[in-house]
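At position 300 of the sequence shown the residue is numbered 299 (numbering that gives the first Met the number 0), and the sequence of numbers has no breaks. Structure record follows, encoded as structure tokens.
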Amino acid sequence: MCAITANCAPLAPLRATRISCFPSSLVITTYCPANNEPIARVRQASVADYEETVKKAREAWRIWAEVPAPKRGEVVRQIGDALREKIQVLGSLVSLEMGKILVEGVGEVQEYVDICDYAVGLSRMIGGPILPSERPGHALIEQWNPVGLVGIITAFNFPVAVYGWNNAIAMICGNVCLWKGAPTTSLISVAVTKIIAKVLEDSKLPGAICSLTCGGADIGSAMARDERVGLLSFTGSTQVGKQVALMVQERFGRSLLELGGNNAIIAFEDADLSLVVPSALFAAVGTAGQRCTTARRLFLHESIHDEVVNRLKKAYAQIRVGNPWDSNVLYGPLHTKQAVSMFLGAVEEAKKEGGTVVYGGKVMDRPGNYVEPTIVTGLAHDVSIVHTETFAPILYVFKFKSEEEVFEWNNEVKQGLSSSIFTKDLGRIFRWLGPKGSDCGIVNVNIPTSGAEIGGAFGGEKHTGGGRESGSDAWKQYMRRSTCTINYSKDLPLAQGIKFQ
């Protein structure tokens, strides 16, 4: 689906990698966010190329669906092992092309490895119950089967892990996968796909079980409208997610949406500040504010507001900034120049709406897309800029008086992804977890909003899309359910005692 010529000096093992499947005139260049130097030229697929790929994937499904689930799990285990062997070089590639720091790049690949391990066990557990039938001589069972072809569209900010969540679970469920990564992280997509393809081919299986299409909005639209795509998993902005949802729904298809988040941390008067400050720092500044679970709002009880803000300013001043592949660095660049412009626009809008920048707010004087991590105080909780998700390291800080009002403020934004409170009050904790507490899909206590584990279902409510990936029973979204009644008697009793004779 794509051709790539790469010349990545920091990553000698991946230098001059070339994959060529189809001719295409459109070529894009990917850049290193740390210096805006070009690192790869990637040939994009046409819609005709997409059609050929879907055809091959559907042919591969006919083979893959016949493989017993535990055997599919064994293949996924081998994929995890192959990723584990290359975890450092892949993590470095994530740092180079996406811009996140090295430890996060390696951690993202580790997340894919972890979900492979999880999926191996799951491959021996998926299935439905045997239910009691009211009719003698009858069995009532729930049968789960794969949806067939799972389309996976991922965003730039997690170019490995999000695909891994979908891919490992979809595969053990018996599906084949068609991946469209972000155009700006195409080199990562190709590298991961090459690793998977080798595992499949070594197992005498078609590489088309895990296909890759490098492309833009035209390919994404084709996937959304394609009735052959049994499930479309989309990770990206709420704005684009709405368009995807409408296209999929128009054909009565199934979608799994992981969209934006306008996440809040709430610290009460009894909070342990030795937990609050580092948690807010990591949640707001980690990945340069480019996680969907990034903390964008910090609500502080009025009795601790000033102290926490002062501590945060000191912590921000100690953040080690530099090239993301330097293991000593904690803070790297934004992904694109456009992201820098959006950051500056949001800072100016916050000032216009009454906010005071107490830390940061500027572009750093160095090559690349570096901006200062920023703290803004003095805004009303419901002004427009606060309710707008800006994919940048801007933290809006507020004072609150009561539990009731701050729970309402947490829930008043359109998105509902992640949230966290800091308190020692057991009653408050369970009110937070209850029906009048947080309306988010991730509801934390005494930890940051970001950094979710793979064992739980990941996703959010409202404009976050409602989808769930990774652990718990998220596997059900990759399968179709049938209720099956089997008559093993010689009689024909009807349900509800109906007599038809």
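Yeah, the Cβ is synthetic: ideal placement off N, Cα and C, and Gly gets one too. These numbers were taken from a predicted model, which means no experiment stands behind them.
- Distance between V105 and G127, taken at the CA atoms: about 36 Å.
- Per DSSP, the beta bridge partners of N144 are R479.
- Close CB contacts of L432 within its chain, under the 7 Å cut and outside five residues either way in sequence, are with V442 (chain order).
- With a cut-off of 8 Å on Cβ pairs, the stretch 141-159 is in contact with the stretch 470-485, counting three or more such pairs.
- Rounded to the nearest angstrom, the Cβ distance from H300 to E268 is 4 Å, consistent with a contact under 8 Å.
- Membership of K351 in the alpha helix (DSSP H) is indicated by the continuous run K336 to K351.
- Assigned with DSSP and collapsed to three states, P37 falls in strand.
- Taking the Cβ atoms as the reference, I125 lies roughly 6 Å from W474, within the contact range of under 8 Å.
- Contact between G331 and G98 is confirmed by a C-beta separation of about 5 Å, below the 8 Å threshold.
- Using a Cβ distance threshold of 7 Å, S185 and T29 count as a contacting pair.
- I194 and W63 have their C-alpha atoms some 18 Å from each other.
- Within the DSSP bridge table, the entry for I441 names S417 as partners.
- Under the three-state reduction of DSSP output, W178 falls in the strand class.
- Residue pairing by DSSP places Y30 opposite P37 in a beta bridge.
- Collapsing the DSSP output to three states places T234 in a strand.
- Residue nearest to Y315 within the set P366, P372 and L272 is P372 (criterion: CA-CA distance).
- The three-state reading of DSSP puts C115 in helix, counting H, G and I together.
- A contact is defined here as three or more CB-CB pairs under 8 Å, and the stretch 82-94 meets this definition with respect to the stretch 106-115.
- S469 places its beta carbon 7 Å or farther from that of W178.
- Exclusion of the five residues before and after E200 leaves G206 as the residues of its chain whose Cβ lies within less than 7 Å of its Cβ.
- Looking at Q43, E73 and S340, the one whose alpha-carbon comes closest to that of D217 is Q43.
- When DSSP states are grouped into helix, strand and coil, I428 belongs to the helix group.
- Counting other Cβ atoms within 10 Å of its Cβ, L25 stays below 16 and is therefore classed as exposed.
- Residue range A294 to H300 is occupied by the beta strand (DSSP E) that includes H300.
- DSSP places K313 inside the alpha helix (DSSP H), whose first and last residues are H304 to A316.
- Secondary structure remark: continuous alpha helix (DSSP H) runs of at least 4 residues inside the stretch 193-272, in chain order: 216-224 and 237-249.
- When beta bridges are read from the DSSP output, L394 appears opposite I374.
- Nearest neighbour of V396 by Cα position, chosen from A287, T387 and L378, turns out to be L378.
- For R123, the three-state secondary structure derived from DSSP is coil.
- Cβ-Cβ separation between A270 and L297: approximately 12 Å, too far for a contact (criterion under 8 Å).
- Put simply, the backbone Cα of I446 is about 11 Å away from that of S417.
- The three-state secondary structure of V320, taken from DSSP, is strand.
- Taking the Cβ atoms as the reference, H462 lies roughly 6 Å from L258, within the contact range of under 8 Å.
- Fully enclosed beta strand (DSSP E) runs of no fewer than 3 residues occupy 36-42 of the stretch 32-114, in order along the chain.
- Counting along the chain, the unbroken alpha helix (DSSP H) around Y162 starts and ends at A160 to I171.
- Excluding the 5 residues flanking it on each side, A338 has same chain C-beta neighbours closer than 8 Å at Q289, N368, F390 and A391, in chain order.
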